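**Q** Below is a structure I'd like to ask you about.
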Amino acid sequence: MKSLPVRSIQMSVLVAVYTALFISVGWAGEPVTAVPDADGVQRLTIILDSYFYKPDQLIVRVGLPVELTLISHTTLTPHNFVMKEPDAGITVDQETSAGDTVKVRFTPRKAGLFTFYCDKKLLFFKSHREKGMEGILRVH
Ligand SMILES: [Cu+2]
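Residue numbering for the sequence shown follows the numbering used here, starting at 822 and increasing by one per position.
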């Protein structure tokens, strides 16, 4: 019984940290699940803006090609889309200049949770990733 208050405090701290992370990272949006097209390609569209991806939670199936259409909504700030998960068959490092639309393709070979992010950084300022420009790809 003595450890109970400590445990509940720990739990509260955990919940608070998780909530803060959730809000700061912006993972509050709804996850978007790809539905394969007739040709078996899982197509999703992502908006890149300062400093977020929308949607920032993508769900795809393992073993089927994924095609992401990256649309920049900025007028000046360049962004990119980086995912370095070679073990899962995913290696993407795509520049997305202001106002551009580009497509990337990969075929996930492994189930799991993988992070994508923008690694742009201006001088001594925080990186875009640190400002919340990241998201999660769930492969199942
Ligand atoms: Cu960026």
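Built from N, CA and C at the ideal position, the CB exists for glycine as well.
All figures in this text were calculated on a predicted structure; none of them were measured in a lab.
Should residue 885 and residue 915 be called a contact, given that it needs their Cβ atoms to be closer than 7 Å?
**A** Contact: no.
**Q** Would the C-beta of residue 949 count as close to ligand 1, meaning under 6 Å from any of its heavy atoms?
**A** Result yes, Cβ under 6 Å from ligand 1.
**Q** Assign residue 856 to one of two classes, buried (16 or more other C-beta atoms within 10 Å of its C-beta) or exposed (fewer than that).
**A** Residue 856 comes out exposed.
**Q** Check for me: the beta strand (DSSP E) holding residue 900 runs from which residue to which?
**A** Taken as a continuous stretch (DSSP letters only), the beta strand (DSSP E) holding residue 900 covers 900-906.
**Q** With hydrogens ignored, establish whether the beta-carbon of residue 904 is closer than 6 Å to any heavy atom of ligand 1.
**A** No; taking the cut-off as 6 Å, the Cβ of residue 904 has no heavy atom of ligand 1 nearer than that.
**Q** Excluding the 5 residues preceding and the 5 following residue 932 in the sequence, name in chain order all residues of the same chain whose CB lies nearer than 6 Å to its CB.
**A** Result list for residue 932: 883, 960 and 961, in chain order.
**Q** Considering only DSSP beta bridges, list what residue 944 is partnered with.
**A** DSSP, once it has assigned bridges, lists no residue as partnering residue 944.
**Q** Out of 911, 943, 918 and 955, which has the shortest C-alpha to C-alpha gap to residue 892?
**A** Nearest C-alpha to residue 892: 918.
**Q** On the premise that residue 888 lies in contact with residue 926, defined as a C-beta separation below 8 Å, what is that separation, rounded to the nearest angstrom?
**A** Yes, they are in contact, since the Cβ atoms of residue 926 and residue 888 sit about 5 Å apart, within 8 Å.
**Q** Per DSSP, residue 955 forms a beta bridge with which residues?
**A** Answer by DSSP bridge pairing, in chain order: 938.
**Q** Quick check on residue 907: buried or exposed, where buried means 16 or more other Cβ atoms within 10 Å of its Cβ?
**A** Classification of residue 907: exposed, given that the 10 Å Cβ count is below 16.
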